[in-house]
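Trainee: Residue numbers (this note's numbering): 1 to 169. Idealized CB from N, CA, C, for every residue including glycine. Remember, it's a predicted structure, so these values are computed and weren't measured experimentally.
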Amino acid sequence: MEQLRFLFIFLVCFITSISCFSQVESGAYRIMLKGLLSHSVPEITVQEAKNKQSQSIFLDAREPREYEISHISGATSVGYDHFDLSKISLPADKSKPIIVYCSVGYRSEKVAEKLIKAGYQNVSNMYGGIFEWVNSDYPVVNSTGPTRRVHAFDRTWGVWLNKGEKVYK
């Protein structure tokens, strides 16, 4: 009985610690991203992306409802489910830096692959996505200006968003 009690307490503490410390900087987040992403395109950290923000084109590969809640300032919504390169206004100079992001990096990686296949030469996937951007205290905006609201996709993925106000609609 005592062993069962100890096991129960251990499991509760372990699960609580995972949810409390599952920030971007955590090993758990890095391990999840390592398994989730195929690492088929160049990756850029949020810190590097922030430093290159004024010289780069930012593309948001989340769905329009996610983009409307908040996005990185200056980003263009390109979606994922119905991504169509012919409907995006990109410069003729295919060497211009393009940074693609989504919630954590999976959808943006797939969009970045399509851009590279189309001949764009300087495309990066923002590693950790907008969740890591917000967790790093970088600002997001919506149509009315700065906001703390971030679309957290769903409650399973939302565990990785530790700052800002989570929105699930």
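If we call anything under 8 Å between Cβ atoms a contact, is V123 one with S73?
Mentor: Taking the sequence shown and counting its residues from 1, one reaches residue 123 at position 123. Taking the sequence shown and counting its residues from 1, one reaches residue 73 at position 73. Result no, Cβ atoms of V123 and S73 do not sit closer than 8 Å.
Trainee: Under 8 Å between the Cβ atoms of S77 and R149?
Mentor: Reading the sequence shown from its first residue, position 77 is the one you call residue 77. Reading the sequence shown from its first residue, position 149 is the one you call residue 149. Not in contact: S77 and R149 (Cβ atoms no closer than 8 Å).
Trainee: Under a Cβ-count criterion, where at least 16 other Cβ atoms within 10 Å of its own Cβ denotes burial, should E109 be classed as buried or exposed?
Mentor: Locating residue 109 in the sequence shown gives position 109, where the first residue counts as 1. It counts as buried.
Trainee: Give the C-beta separation of Y138 and V46 to the nearest angstrom, bearing in mind that I take them to be a contact with Cβ-Cβ under 8 Å.
Mentor: Start at 1 with the first residue of the sequence shown, and residue 138 comes out as number 138. Start at 1 with the first residue of the sequence shown, and residue 46 comes out as number 46. Sure, about 6 Å apart at Cβ, within 8 Å.
Trainee: Can you give, in chain order, each stretch of the beta strand (DSSP E) that sits fully within the stretch 27-81 and has at least 3 residues?
Mentor: You should have 57-60.
Trainee: Does I116 come out as helix, strand or coil in the three-state DSSP assignment?
Mentor: Against the sequence shown, residue 116 aligns to sequence position 116. Helix at I116.
Trainee: Is A92 buried or exposed, if buried means 16 or more other CB atoms sit within 10 Å of its CB?
Mentor: By one-based count along the sequence shown, residue 92 stands at place 92. That one is exposed.
Trainee: Please report the distance separating the alpha-carbon of V167 from that of L33.
Mentor: Mapped onto the sequence shown, residue 167 falls at position 167. Mapped onto the sequence shown, residue 33 falls at position 33. So the alpha carbons of these two residues sit roughly 22 Å apart.
Trainee: Which word fits A118, buried or exposed, when buried means at least 16 other C-beta atoms lie within 10 angstroms of its C-beta?
Mentor: Stepping through the sequence shown from its first residue, residue 118 is reached at position 118. When all chains shown are included, A118 counts as exposed.
Trainee: Using a Cβ-Cβ cut-off of 6 Å (strictly less than) and excluding sequence neighbours within five positions of E66, which residues of its own chain qualify?
Mentor: For this step, residue 66 is matched to residue 66 along the sequence shown. The residues are H151.
Trainee: In this structure, how does DSSP classify K87 when only helix, strand and coil are distinguished?
Mentor: Your numbering for residue 87 matches position 87 in the sequence shown. In the structure shown, K87 sits in a helix (DSSP, three-state: H, G or I).
Trainee: Suppose contacts are defined by Cβ-Cβ distances below 8 Å. Is D81 in contact with E68 by that definition?
Mentor: Working through the sequence shown from its first residue, we reach residue 81 at position 81. Working through the sequence shown from its first residue, we reach residue 68 at position 68. Contact: no.
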